[in-house]
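The block underneath contains the structure these notes are about, expressed in structure tokens.
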Amino acid sequence: MADKNGPDGTGETGRGKQRQADIRDDDLERRRRDLEASLATRRPDRLEGKDDAKAGSAAGYGQALKLSSEFIAGIVVGAGLGWIIDRVAGTSPWGLIVFLLLGFGAGVLNVLRSAGLMAEFGQGDKARDPKE
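Going by UniProt numbering, 72 is the number at position 72 of the sequence shown; the sequence numbering is gapless.
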């Protein structure tokens, strides 16, 4: 039959005393509650309720649409100008290539300005606060 050579002489492996597991679970639960309280005090500006979360999500989608449309517009305008210059001057495909790259650069610059990570034209070193 089974040999009773388990850790506590009962023949079962693992922790044989349920009492120690209960104490450990209570300790973990207490630590979890303390951590939640600590996080709640460090992040008081967290959105409460589902209505506020939906409003924040809609604002995020609006900002993403604005930034992506500014980027795409810069590329499209650059490509359009390059194509027109190629047609008029007969320099195909160099005008398209050069102005496509310039449009890409202008799109990136517009996105950085719109996101508030770069100063507006004529403001020097002062970047505007993106939360305004």
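Every residue gets a Cβ at the ideal spot worked out from N, C-alpha and C, and that includes glycine.
Residue i and residue j closer than 8 Å at C-beta
i	j	result
isoleucine 72	glycine 82	no
glycine 74	glycine 107	yes
phenylalanine 99	alanine 79	yes
Simplified DSSP assignment, three categories, for residue i
i	result
phenylalanine 117	Note that residue 117 is leucine in the sequence shown, not phenylalanine. Three-state result, leucine 117: coil.
threonine 41	helix
glycine 122	coil
Contacts around residue i, its chain only, beta-carbon distance under 6 Å, and the 5 residues preceding and following it disregarded
i	result
glutamate 70	Asn110, Val111, Ser114
isoleucine 85	Gly95
7 Å Cβ shell around residue i - same chain, five flanking residues per side excluded
i	result
valine 77	Gly103
leucine 28	none
serine 92	Asp86
residue 133	Limits of the chain in this structure are 1 at one end and 132 at the other, which puts residue 133 out of reach.
Close Cβ partners of residue i (< 8 Å) along its chain, the five nearest in sequence each way excluded
i	result
alanine 37	none
- Message: Extract the residue ranges of the beta strand (DSSP E) inside the segment 68 to 110, only unbroken runs of 3 or more that lie entirely within it.
- Response: The segment 68 to 110 contains no whole beta strand (DSSP E) run of 3 or more residues.
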